[in-house]
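**Q** My structure is below; once you've seen it, I'll send some questions.
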Amino acid sequence: MNSKELKKEQFIAKAMENKKKFEIHKRLIEENLCIGGEMYIKDLKVFANYQIVDNQLLLNLMEYAESFAKEYAELQASNQAE
Numbered sequence: 001m002n003s004k005e006l007k008k009e010q011f012i013a014k015a016m017e018n019k020k021k022f023e024i025h026k027r028l029i030e031e032n033l034c035i036g037g038e039m040y041i042k043d044l045k046v047f048a049n050y051q052i053v054d055n056q057l058l059l060n061l062m063e064y065a066e067s068f069a070k071e072y073a074e075l076q077a078s079n080q081a082e
């Protein structure tokens with residue numbers, strides 16, 4: 001395998017990993033930040049304008065971060081097992 005083929009293979013592997021991470025992010029955002037509908041849209045607008053996070057949004061963001069860390073670690077472990 002020449003260096004061009006190796007770079008292509010590495011690029012494809014990185015793209016697939018990023019796609020899996022994106023899918024995790026998308027699902028966790030829906031699960032943790034889209035509940036409550038308009039309330040979270042307003043909370044996110046307040047944060048965007050004033051950098052103030054209310055307690056519930058902060059808890060949801062923390063749950064999101066913890067869930068992502070756990071699922072990403074599991075993804076990495078499954079990739080290493082392959």
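Per our numbering, the very first residue in the sequence shown carries number 1; after that it's consecutive. Note that the Cβ used here is the ideal one computed from N, Cα and C, for glycine as well. Keep in mind that this is a model prediction, so the values were computed, not measured.
1) Mapping the DSSP letters down to three states, classify Q76 as helix, strand or coil.
2) Using a Cβ-Cβ distance under 8 angstroms, would I29 count as near chain C?
3) Could you check whether L33 and N64 sit closer than 8 angstroms to each other, using their CB atoms as the reference points?
4) Hey, would you say L75 sits closer than 8 angstroms to K20, going by beta carbons?
5) If you draw a straight line from the C-alpha of I12 to the C-alpha of I29, how long is it?
6) If you draw a straight line from the alpha carbon of F47 to that of R27, how long is it in whole angstroms?
7) Could you tell me the alpha carbon to alpha carbon distance between N18 and N60, rounded to whole angstroms?
**A** In terms of the structure at hand:
1) In the sequence shown, counting from the first residue as 1, residue 76 sits at position 76. Of the three classes helix, strand and coil, the one that applies to Q76 here is helix, per DSSP.
2) In the displayed structure, chain C is absent; only one protein chain is listed.
3) Translated into positions along the sequence shown, residue 64 becomes position 64. Translated into positions along the sequence shown, residue 33 becomes position 33. Looking at the sequence shown, residue 64 is not Asn but Tyr. Taking 8 angstroms as the Cβ cut-off, Y64 and L33 qualify as a contacting pair.
4) Here residue 75 refers to the residue found at position 75 when the sequence shown is read from its first residue. Here residue 20 refers to the residue found at position 20 when the sequence shown is read from its first residue. Result yes, Cβ atoms of L75 and K20 sit closer than 8 angstroms.
5) Locating residue 12 in the sequence shown gives position 12, where the first residue counts as 1. Locating residue 29 in the sequence shown gives position 29, where the first residue counts as 1. Taking the straight line joining both Cα atoms gives about 25 angstroms.
6) Translated into the one-based positions of the sequence shown, residue 47 becomes position 47. Translated into the one-based positions of the sequence shown, residue 27 becomes position 27. Approximately 22 angstroms, taken between the alpha carbons.
7) Residue mapping note: residue 18 aligns to position 18 of the sequence shown, counting from 1. Residue mapping note: residue 60 aligns to position 60 of the sequence shown, counting from 1. N18 and N60: Cα-Cα distance of roughly 23 angstroms.
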